[in-house]
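Numbering (the working numbering), first residue to last: 4 to 190.
Cβ atoms here follow ideal geometry from the backbone N, Cα and C, with glycine treated the same way.
None of these values were measured; they are calculated from a predicted model.
To keep things clear, I will list the structure first and then write my remarks on it.
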(Lines of atoms letter the chains of each structure in order from A and count residues from 1; the text may use other names and numbers.)
(Lines give C-alpha, C1' and ligand atoms only; values in the text may rest on other atoms or scores of the structure.)
Protein backbone atom coordinates (compact mmCIF):
# COMPACT_ATOMS: atom_id res chain seq x y z
CA UNK A 1 0.00 0.00 0.00
CA UNK A 2 1.26 3.44 -0.93
CA UNK A 3 0.77 6.18 1.64
CA UNK A 4 1.98 9.65 2.47
CA UNK A 5 3.81 11.83 -0.03
CA UNK A 6 4.10 9.07 -2.66
CA UNK A 7 0.32 8.56 -2.59
CA UNK A 8 -0.18 12.31 -3.02
CA UNK A 9 2.17 12.31 -6.03
CA UNK A 10 0.23 9.47 -7.65
CA UNK A 11 -3.06 11.22 -6.95
CA UNK A 12 -1.83 14.52 -8.47
CA UNK A 13 -0.57 12.69 -11.55
CA UNK A 14 -3.87 10.82 -11.94
CA UNK A 15 -5.76 14.12 -11.66
CA UNK A 16 -3.53 15.76 -14.31
CA UNK A 17 -3.96 12.85 -16.68
CA UNK A 18 -7.72 12.83 -16.11
CA UNK A 19 -7.80 16.56 -16.90
CA UNK A 20 -5.75 15.95 -20.07
CA UNK A 21 -8.12 13.20 -21.19
CA UNK A 22 -11.19 15.35 -20.49
CA UNK A 23 -9.63 18.22 -22.47
CA UNK A 24 -8.89 15.87 -25.39
CA UNK A 25 -12.49 14.60 -25.48
CA UNK A 26 -13.80 18.18 -25.27
CA UNK A 27 -11.54 19.29 -28.13
CA UNK A 28 -12.45 16.32 -30.33
CA UNK A 29 -16.15 16.94 -29.77
CA UNK A 30 -15.69 20.61 -30.57
CA UNK A 31 -13.93 19.83 -33.85
CA UNK A 32 -16.59 17.27 -34.82
CA UNK A 33 -19.51 19.70 -34.47
CA UNK A 34 -18.80 21.94 -37.49
CA UNK A 35 -18.10 18.87 -39.63
CA UNK A 36 -21.50 17.45 -38.64
CA UNK A 37 -23.28 20.78 -39.10
CA UNK A 38 -24.14 20.85 -35.40
CA UNK A 39 -22.23 23.87 -34.22
CA UNK A 40 -24.42 26.80 -33.26
CA UNK A 41 -22.81 30.21 -33.29
CA UNK A 42 -24.54 32.70 -31.00
CA UNK A 43 -22.90 36.07 -31.60
CA UNK A 44 -23.38 38.89 -29.14
CA UNK A 45 -21.91 42.32 -28.64
CA UNK A 46 -19.20 41.73 -26.05
CA UNK A 47 -15.89 43.07 -24.84
CA UNK A 48 -12.89 41.13 -26.14
CA UNK A 49 -11.00 42.44 -23.11
CA UNK A 50 -13.57 40.79 -20.79
CA UNK A 51 -13.18 37.49 -22.66
CA UNK A 52 -9.38 37.73 -22.37
CA UNK A 53 -9.62 38.56 -18.65
CA UNK A 54 -11.83 35.52 -18.03
CA UNK A 55 -9.42 33.24 -19.90
CA UNK A 56 -6.42 34.59 -18.01
CA UNK A 57 -8.24 34.05 -14.74
CA UNK A 58 -9.03 30.44 -15.68
CA UNK A 59 -5.40 29.69 -16.56
CA UNK A 60 -3.72 31.65 -13.77
CA UNK A 61 -3.06 28.61 -11.55
CA UNK A 62 -1.74 26.57 -14.48
CA UNK A 63 0.69 29.36 -15.35
CA UNK A 64 1.73 29.88 -11.76
CA UNK A 65 2.46 26.15 -11.44
CA UNK A 66 5.22 26.56 -14.06
CA UNK A 67 6.40 29.97 -12.75
CA UNK A 68 4.82 32.04 -15.52
CA UNK A 69 3.07 35.36 -15.15
CA UNK A 70 0.12 36.21 -17.37
CA UNK A 71 -0.26 39.84 -18.36
CA UNK A 72 -3.10 41.54 -20.21
CA UNK A 73 -2.28 44.61 -22.29
CA UNK A 74 -5.10 46.54 -23.93
CA UNK A 75 -5.38 49.44 -26.32
CA UNK A 76 -7.48 52.36 -25.10
CA UNK A 77 -11.06 52.92 -26.27
CA UNK A 78 -11.64 49.48 -27.78
CA UNK A 79 -14.99 48.93 -29.46
CA UNK A 80 -17.11 45.91 -28.57
CA UNK A 81 -16.96 42.89 -30.88
CA UNK A 82 -19.76 40.79 -32.42
CA UNK A 83 -18.73 37.22 -31.58
CA UNK A 84 -19.92 34.13 -29.80
CA UNK A 85 -18.32 34.68 -26.37
CA UNK A 86 -18.14 30.96 -25.56
CA UNK A 87 -16.46 30.01 -28.84
CA UNK A 88 -14.13 33.00 -28.72
CA UNK A 89 -13.23 32.16 -25.13
CA UNK A 90 -12.39 28.61 -26.20
CA UNK A 91 -10.06 29.94 -28.89
CA UNK A 92 -8.34 32.37 -26.52
CA UNK A 93 -7.97 29.65 -23.87
CA UNK A 94 -6.29 27.41 -26.44
CA UNK A 95 -3.88 30.15 -27.50
CA UNK A 96 -2.86 30.93 -23.92
CA UNK A 97 -2.66 27.25 -22.96
CA UNK A 98 -0.44 26.63 -25.98
CA UNK A 99 1.87 29.46 -24.88
CA UNK A 100 2.05 28.03 -21.35
CA UNK A 101 2.94 24.56 -22.63
CA UNK A 102 5.55 25.58 -25.14
CA UNK A 103 7.21 28.59 -23.53
CA UNK A 104 9.43 27.05 -20.85
CA UNK A 105 11.96 29.88 -21.05
CA UNK A 106 9.37 32.62 -20.70
CA UNK A 107 8.75 34.49 -17.51
CA UNK A 108 5.63 36.22 -18.77
CA UNK A 109 3.01 35.59 -21.41
CA UNK A 110 1.43 38.73 -22.83
CA UNK A 111 -2.14 38.69 -24.06
CA UNK A 112 -2.71 41.88 -26.03
CA UNK A 113 -6.00 43.28 -27.30
CA UNK A 114 -4.85 45.66 -30.02
CA UNK A 115 -6.47 48.72 -31.61
CA UNK A 116 -9.26 48.02 -34.10
CA UNK A 117 -8.22 47.70 -37.74
CA UNK A 118 -10.13 47.73 -41.00
CA UNK A 119 -9.67 44.97 -43.58
CA UNK A 120 -11.89 44.36 -46.64
CA UNK A 121 -14.69 46.65 -45.46
CA UNK A 122 -14.79 44.97 -42.02
CA UNK A 123 -13.50 46.12 -38.66
CA UNK A 124 -11.53 43.72 -36.50
CA UNK A 125 -10.14 43.88 -32.98
CA UNK A 126 -6.97 41.78 -33.02
CA UNK A 127 -5.92 39.67 -30.05
CA UNK A 128 -2.31 38.58 -29.79
CA UNK A 129 -0.60 36.11 -27.46
CA UNK A 130 3.17 36.59 -27.11
CA UNK A 131 5.74 34.54 -25.26
CA UNK A 132 9.45 33.82 -25.43
CA UNK A 133 9.01 30.13 -26.14
CA UNK A 134 10.82 27.78 -28.45
CA UNK A 135 9.11 29.13 -31.55
CA UNK A 136 8.32 27.25 -34.71
CA UNK A 137 10.50 26.60 -37.70
CA UNK A 138 9.44 28.71 -40.72
CA UNK A 139 8.60 25.62 -42.77
CA UNK A 140 6.13 24.47 -40.10
CA UNK A 141 4.11 27.69 -39.68
CA UNK A 142 1.56 26.73 -42.36
CA UNK A 143 0.93 23.37 -40.69
CA UNK A 144 0.32 24.44 -37.08
CA UNK A 145 -3.42 24.87 -37.62
CA UNK A 146 -3.87 21.36 -39.00
CA UNK A 147 -5.58 18.97 -36.63
CA UNK A 148 -3.15 16.75 -34.72
CA UNK A 149 -0.09 18.44 -36.20
CA UNK A 150 2.71 18.89 -33.70
CA UNK A 151 5.93 20.67 -34.53
CA UNK A 152 9.23 18.89 -34.27
CA UNK A 153 10.10 20.89 -31.15
CA UNK A 154 6.70 20.28 -29.52
CA UNK A 155 6.60 16.49 -29.88
CA UNK A 156 8.51 15.72 -26.66
CA UNK A 157 6.04 17.85 -24.66
CA UNK A 158 2.40 17.23 -23.76
CA UNK A 159 -0.49 18.13 -25.99
CA UNK A 160 -2.51 16.69 -28.83
CA UNK A 161 -1.98 19.13 -31.68
CA UNK A 162 -5.52 20.51 -31.47
CA UNK A 163 -5.27 23.88 -29.68
CA UNK A 164 -4.18 26.04 -32.61
CA UNK A 165 -6.48 24.12 -34.97
CA UNK A 166 -9.42 24.98 -32.73
CA UNK A 167 -8.37 28.63 -32.42
CA UNK A 168 -8.11 28.96 -36.21
CA UNK A 169 -11.44 27.16 -36.76
CA UNK A 170 -13.25 29.45 -34.31
CA UNK A 171 -11.74 32.48 -35.99
CA UNK A 172 -12.82 31.29 -39.46
CA UNK A 173 -16.34 30.36 -38.30
CA UNK A 174 -16.89 33.90 -37.04
CA UNK A 175 -15.47 35.65 -40.10
CA UNK A 176 -12.14 36.43 -38.50
CA UNK A 177 -8.68 36.18 -39.95
CA UNK A 178 -6.38 33.83 -38.01
CA UNK A 179 -2.75 34.82 -38.24
CA UNK A 180 0.15 33.07 -36.60
CA UNK A 181 3.50 34.81 -36.52
CA UNK A 182 5.57 32.24 -34.78
CA UNK A 183 9.27 32.92 -34.73
CA UNK A 184 12.23 30.88 -33.61
CA UNK A 185 14.06 32.60 -30.74
CA UNK A 186 11.57 35.49 -30.57
CA UNK A 187 12.59 37.89 -27.79
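- Nearest C-alpha to residue 182 among 135, 166, 131 and 165: 131.
- Proximity of the region 10-25 to the region 42-61 falls short of the contact definition, fewer than three beta-carbon pairs being nearer than 8 angstroms.
- Between the C-alpha atoms of residue 36 and residue 70 there is a straight-line separation of about 35 angstroms.
- The three-state secondary structure of residue 116, taken from DSSP, is strand.
- It is roughly 31 angstroms from the alpha-carbon of residue 122 to the alpha-carbon of residue 106.
- In the DSSP assignment, residue 91 falls within the unbroken alpha helix (DSSP H) covering 88-105.
- Beta-carbon to beta-carbon, residue 91 and residue 173 are separated by about 7 angstroms, close enough to satisfy the 8 angstroms threshold.
- For a cut-off of 8 angstroms, the C-beta gap from residue 78 to residue 118 is around 4 angstroms, short enough to register as a contact.
- It is roughly 48 angstroms from the alpha-carbon of residue 47 to the alpha-carbon of residue 9.
- When 114, 169, 87 and 85 are compared, the shortest CA-CA separation from residue 99 is found for 114.
- Secondary-structure assignment with DSSP links residue 127 through a beta bridge to 120.
- Beta-bridge partners of residue 74 (DSSP): 113.
- Relative to the Cα of residue 32, the nearest Cα in the group 178, 150 and 179 belongs to 150.
- Pairing residue 74 with residue 116 gives a Cβ-Cβ distance that is not under 8 angstroms.
- Per DSSP, residue 47 lies in no alpha helix (DSSP H); the unbroken beta strand (DSSP E) holding it starts and ends at 47-49.
- Measuring C-alpha to C-alpha distances from residue 65 to each of 45, 142 and 19 identifies 19 as the nearest.
- In the assembly as shown, residue 12 is an exposed residue. Its beta-carbon has fewer than 16 other beta-carbons within 10 Å.
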